[in-house]
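Q:
Residue numbers (the numbering used here): 27 to 106.
#1: Starting from residue 63, follow the beta strand (DSSP E) in both directions and report where the run begins and ends.
#2: Going by other Cβ atoms of all chains shown within 10 Å of its Cβ, with 16 needed for buried, is residue 35 buried or exposed?
#3: Buried or exposed, going by whether 16 or more other CB atoms sit within 10 Å of the CB of residue 89?
#4: Give the straight-line distance between the Cα atoms of residue 38 and residue 101, rounded to the nearest whole angstrom.
#5: Tell me the DSSP secondary structure of residue 71 in three-state form.
#6: Please name the residue or residues paired with residue 44 in a DSSP beta bridge.
#7: Below 8 Å CB to CB, which residues in the same chain sit around residue 105 once its five sequence neighbours on both sides are set aside?
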């Protein structure tokens, strides 16, 4: 299995967990365009049509927008 994949990532939302009322605490980060990044495959938790979900420090999650087509990333993740 691959250890890393190259992806163009853009704006993202960081989930910091939940408050005392069980409401998700979320931080949105907007950027112009996309940046090429190497992402560790073992940090990827989910892939949807619009977002790549990865884990982050201290139990946080990041929902990334990505530039590639869904099927392109799916193929990269499923290759040996």
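All residues carry an ideal CB built from backbone N, CA and C; glycine is no exception.
A: Per the coordinate set shown:
#1: 61-66
#2: The residue in question, residue 35, is buried, as its Cβ has 16 or more Cβ neighbours within 10 Å.
#3: Buried, because 16 or more other Cβ atoms sit within 10 Å of the Cβ of residue 89.
#4: 22 Å
#5: strand
#6: 50
#7: 28
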